[in-house]
Each structure stands twice: as structure tokens, then as C-alpha cells.
Amino acid sequence: MKDLFSTDSQRYQQARPTYPPSLLQSLLQYIPERELAWDCGAGSGQLTHMLASYFDQVVGTDISQTQLSHAEYYDNISYQLQPAENTTFPDHCFDLITVAQAIHWFDFEAFYAEVRRTIKPSGILAVVGYGLIHVDDLEINAKVQHLYHQTLNGFWDAERHYVDELYQTIPFPFDEIEMPAFQIEAQWTLQQLLQYLNTWSAVQHYILEKNLDPVQQLLSKGRDLQDQVSIQFPVLLRVGRCS
1 MKDLFSTDSQ
11 RYQQARPTYP
21 PSLLQSLLQY
31 IPERELAWDC
41 GAGSGQLTHM
51 LASYFDQVVG
61 TDISQTQLSH
71 AEYYDNISYQ
81 LQPAENTTFP
91 DHCFDLITVA
101 QAIHWFDFEA
111 FYAEVRRTIK
121 PSGILAVVGY
131 GLIHVDDLEI
141 NAKVQHLYHQ
151 TLNGFWDAER
161 HYVDELYQTI
171 PFPFDEIEMP
181 AFQIEAQWTL
191 QQLLQYLNTW
201 SAVQHYILEK
211 NLDPVQQLLS
221 KGRDLQDQVS
231 IQFPVLLRVG
241 RCS
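Number 172 in full-length UniProt numbering belongs to position 172 of the sequence shown; there are no gaps in the numbering.
Right, dumping it as C-alpha cells:
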């Protein structure tokens, strides 16, 4: 598992989008027991804290202590520094295992072996993520698309292709459950949009190599950073049970 986000964990925690509550409601109908959930690759806890309302106990793990230090803490959440592929958890203890916007960094085979070891027979694995942002402002959206596909071409890590392929090409050796489509929708200021784009790993690679910030080129002169835009992300989702 790669750690690409420790260097600016606070920005990541503040700028990354949150998942729609309807996604969790849809997952919960397949989970008969709700004692213990594991959010793997939790980062700064965008999904972990959402699980806390539905499970007796939630464990969030990551390989970045810096990321975990910016997560929201609740009485029934334990954040632990553990790799996805080799944990200290007991066998068959989890009712739900989630991975949010992180599965593409994992060693699939090793992680799935850990899922099979630690999940209850009635439990499910939910692999969640989100694709490329869409902005309703046509000028800004065109610039974001150009940034993603042209400016940052060659700066994305190889694993990014799994996100571009909407997680449909990740190995998923489980009995898959068909799920409805979900979308993240929000109103952001242009300042929030720029902050989000600066969390892209490819942007940070670009800055390190060229000593230029490609995100700052997105705004035309005269645009107010407090102007609001509507944004959407397609939610990526694979859900299954161990056979």
C-alpha cells in the first residue's frame, strides 16, 4: 500500500468530498449484525465517522499516522496504524469491511486474504470510491478536464487507471451484490474546488518536478474565489460476500 497523502493531511481532510448517507443506508440492508466495522485505508476518516452512527464499534486503519491524526474521533471509533494486508485483528470479527478511495493502492491478493480471515460469515466487503469531478460551470469544468487529461498526463501514479475505469477492472473475487448508482453532489466555492484539486497526487508530483502550481492557472482574472459552483462525483462501488 502506498502512502501519498501524509505530507498534507490537513488539507486532505478538509477538502475531500463526503459520501451520501443513502449509500450507507443501502449497504446496511445487507448487514444483519452491526457490532464491529473496519474501515481500511481510512485516511482522515471521511467514511469512518459515518459508520459510527450505525455500529457498536468502528476501527479505522491506515499506514499514515499523520492522516489518522486529522480524523474525527468518536467514543466508539478506534483509529489504528496498521497496513491493509497484515493486521492484528482476530479471525471472523467484522460485520462490515469498507475501503474508501484506497483499494487501488493495495496489494489485492494479500488484502483479500485478510478480508476472508477477519470477516464474519454474514459480513460484507464494500469497496467505495469516486471518479473524476464534474463542475456545472462550463468554463471551469473544461479547465479541470484539461488539467486532468492533458497537463497532468504522465504525473498520475499507475494505479490511477482503476479509478478511471470506475473500479470495474479491480479484481473482486467475492459473491457480488448488485447496488444502485450513487452520486456525490455539493455546492462548493471556487476556493474549495482549488483546495480539492491540490489534494490530487498528480498535482503534487507536478509541483515537485516543475516547481509550478498547475491548479492556480484554472481561474480567469476577475473570478471571485467565493463564487459558488455545483459539483458532482460519480460514486464507485463494489459490494460482495465471501463465498
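The beta carbon of each residue, even a glycine, is placed where N, CA and C say it ideally should be. Because the structure is a prediction, the values reported are computed rather than measured.
{"Query": "8 Å contact criterion, which residue 99 and residue 127 should meet: CB distance rounded", "Result": "5 Å"}
{"Query": "Reduced DSSP category for residue 73 - H, G, I as helix; E, B as strand; rest coil", "Result": "coil"}
{"Query": "Segment contact, 8 Å Cβ cut-off, at least three pairs: the stretch 159-178 with the stretch 229-240", "Result": "yes"}
{"Query": "For residue 120, three-class secondary structure by DSSP", "Result": "strand"}
{"Query": "Residue nearest to residue 187 in terms of C-alpha spacing, selected from 180, 233, 102, 162", "Result": "233"}
{"Query": "DSSP three-state assignment for residue 140, whether helix, strand or coil", "Result": "helix"}
{"Query": "Own chain partners of residue 207 with C-beta closer than 7 Å, once the 5 adjacent residues on each side are dropped", "Result": "213"}
{"Query": "Extent of the continuous alpha helix (DSSP H) to which residue 203 belongs", "Result": "201-210"}
{"Query": "Pick from 139, 156, 114, 105 that is closest to residue 129, judged by C-alpha positions", "Result": "105"}
{"Query": "Spatially closest choice to residue 120 from 160, 131, 90, 134, by CA coordinates", "Result": "90"}
{"Query": "Helix, strand or coil at residue 126 according to DSSP, with G and I counted as helix", "Result": "strand"}
{"Query": "Unbroken stretches of the alpha helix (DSSP H), 4 residues or longer, contained in the stretch 145-200", "Result": "161-164, 190-197"}
{"Query": "Three-state secondary structure assigned by DSSP to residue 103", "Result": "helix"}
{"Query": "Start and end residues, alpha helix (DSSP H) containing residue 51", "Result": "48-51"}
{"Query": "Residue burial classification, residue 225 (beta-carbon count within 10 angstroms, cutoff 16)", "Result": "exposed"}
{"Query": "Three CB pairs or more closer than 8 Å across the stretch 151-159 and the stretch 184-199", "Result": "no"}
{"Query": "Segment contact, 8 Å Cβ cut-off, at least three pairs: the stretch 20-39 with the stretch 131-139", "Result": "no"}
{"Query": "Span of the alpha helix (DSSP H) around residue 28", "Result": "21-28"}
{"Query": "Cα-Cα separation between residue 201 and residue 80, rounded to whole angstroms", "Result": "23 Å"}
{"Query": "Under 8 Å between C-beta atoms of residue 24 and residue 50", "Result": "yes"}
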